[in-house]
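These notes are about the structure you will find just below.
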């Protein structure tokens, strides 16, 4: 998935707005297996991502860990199927993706002097919305599975 | 007491796991500068780039041709020559006694395909298809046929990582080609900016910005971009110069690496001056 994120996904970017399929994966497994699982999975995905991109090692691990933890707040053993087969799944993906993007910005920028609103909108919310839209196939697949 | 502690940990085990992993990630961040971590990153880069190269080759099978690649390389060489001619034209206008034309293509170049790109507004990186085996070294500048793209950041045997100018860690000394006003160019997340230039300095919209002779990491006179806007800061004494880059990173498929690295002798001299001042 990390290879897919870095090689195929940029082809479908809109400007610099790129969907983050790793967040979708993270949220899906967190809602299935719980908060601790999601937190650890976030850390593992993050460190793998940092290693293959050659960027600042540890930064993506930090942001993915927190994103997995936040997604874990929505975990409920009795409502697993409900959360992954309704539009609530997209909301959770959006929240996790926004958190991830904001933390990435804070960690990777040393001299950024942008207006806060522009920072939050262009580099956090827009990518998060695009990521949530990319969660639709996962949602539709789970809805069909549930219907069967 | 131990029962209370065990109960406490069990109750808040998610937070303890989170805290542990965050401390671990902060510890890893602190190790970024160490040689062993860099070696590990280089190994991971090489492994990943091999897979990615296969995917990119398949995706670009019907697009790139050797003829197109050859034309792009030729274009880049011509761009460097034309820019040099422009430099000499300015010098001539200032009544300097330089009329001799010389080829500026004194750098060896190699063409490389972009096989992966980290698309981010603040940490732009490319992975290219040339590495140590092609005589690529850390610190070599990367250009397109239009202008500066970035600098080689990490190298394996067959692949390299290029830090593009759309990266908050990328800084380069540049100058206005017409007025010779110098400054440090960096990326603020949205634009290329030369910050804190005195408002009285002669910088006009439309001026060409090139790498300055003051840069010890990139050879001088490589085109960077054009002045798009001037933003005066609150005090009115200083301005931020917004630069529109010549190279369009989003549409690049190939880049040229200039096989030249920072002048080791110059770096040594600068380091000695720094130590003497201390």
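Chains as they are written, first to last, in our numbering: chain L, 2 to 149; chain E, 1395 to 1672. Don't be surprised by glycine CBs; every beta carbon is placed ideally from N, CA and C. These numbers were taken from a predicted model, which means no experiment stands behind them.
Between the region 1597–1607 of chain E and the region 1568–1588 of chain E there are three or more C-beta pairs closer than 8 angstroms, enough to call the two in contact. In this structure residue 1651 of chain E touches residue 1506 of chain E by the C-beta definition: roughly 6 angstroms separates them, less than 8 angstroms. Assigned with DSSP and collapsed to three states, residue 1553 of chain E falls in coil, not helix or strand. In the pairwise beta carbon analysis, the region 1630–1645 of chain E is classified as touching the region 1588–1598 of chain E: at least three pairs are separated by under 8 angstroms. When rounded, the separation of the alpha-carbon atoms in residue 1566 of chain E and residue 1410 of chain E is 43 angstroms. Per DSSP, reduced to three states, the secondary structure at residue 26 of chain L is helical. Residue E:1641 holds the alpha-carbon nearest to the alpha-carbon of residue 1537 of chain E among E:1581, E:1522, E:1641 and E:1398. Note that the C-beta distance between residue 62 of chain L and residue 1419 of chain E is below 8 angstroms. Secondary structure of residue 1401 of chain E (DSSP, three-state): helix.
For residue 1408 of chain E, at least one C-beta of chain L is nearer than 8 angstroms to its own C-beta.
Taking C-beta separations shorter than 8 angstroms and ignoring five residues to either side along the sequence, the partners of residue 25 of chain L in its chain run 94, 132, 135, 136 and 139, following chain order.
Residue-level contact by beta carbon holds for residue 58 of chain L and chain E, with a gap shorter than 8 angstroms. Taking a Cβ-Cβ cut-off of 8 angstroms, residue 1586 of chain E has no neighbours in chain L, whose nearest Cβ is about 13 angstroms from it. The beta carbon of residue 1561 of chain E sits closer than 8 angstroms to those of 1516, 1517, 1518, 1519, 1544 and 1581, all from its chain and outside the five residues before and after it, given in chain order. At least one C-beta of chain L is nearer than 8 angstroms to the C-beta of residue 1442 of chain E. Residue 1431 of chain E carries a helical assignment under DSSP once its states are collapsed to helix, strand and coil. Residues of chain E with a Cβ closer than 9 angstroms to the Cβ of residue 136 of chain L do not exist; the shortest Cβ-Cβ separation is about 19 angstroms. The three-state reading of DSSP puts residue 142 of chain L in helix, counting H, G and I together. The beta carbon of residue 1551 of chain E sits closer than 6 angstroms to those of 1525, 1526 and 1527, all from its chain and outside the five residues before and after it, given in chain order.
With a threshold of 8 angstroms between beta carbons, residue 1431 of chain E makes contact with chain L.
Contacts between residue 41 of chain L and chain E, judged by CB atoms closer than 9 angstroms, involve 1411 and 1415 in chain order. Leaving aside the five residues that flank residue 1406 of chain E on each side, none in its chain has a CB nearer than 7 angstroms to its CB. A distance of 8 angstroms or more separates the beta carbons of residue 29 of chain L and residue 67 of chain L. The three-state secondary structure of residue 1537 of chain E, taken from DSSP, is strand. In this structure, residue 58 of chain L lies near residue 1426 of chain E, with their beta-carbon atoms less than 8 angstroms apart. DSSP, read as helix, strand or coil, puts residue 74 of chain L in coil.
Taking the Cβ atoms as the reference, residue 1576 of chain E lies roughly 6 angstroms from residue 1608 of chain E, within the contact range of under 8 angstroms. For residue 37 of chain L, the neighbours in chain E by C-beta distance under 8 angstroms run, in chain order, 1407, 1408 and 1411.
Fully contained in the region 1560–1593 of chain E are the following beta strand (DSSP E) runs of length 3 or more, in chain order: 1565–1570, 1576–1581 and 1586–1592. Contact annotation: residue 76 of chain L and residue 35 of chain L have beta-carbon atoms nearer than 8 angstroms. Any Cβ of chain L closer than 8 angstroms to the Cβ of residue 1534 of chain E would place that residue at the interface, and such an atom is absent.
Close CB contacts of residue 1549 of chain E within its chain, under the 6 angstroms cut and outside five residues either way in sequence, are with 1525, 1526, 1530 and 1532 (chain order). Taking a beta-carbon distance threshold of 8 angstroms, residue 72 of chain L does not count as an interface residue toward chain E.
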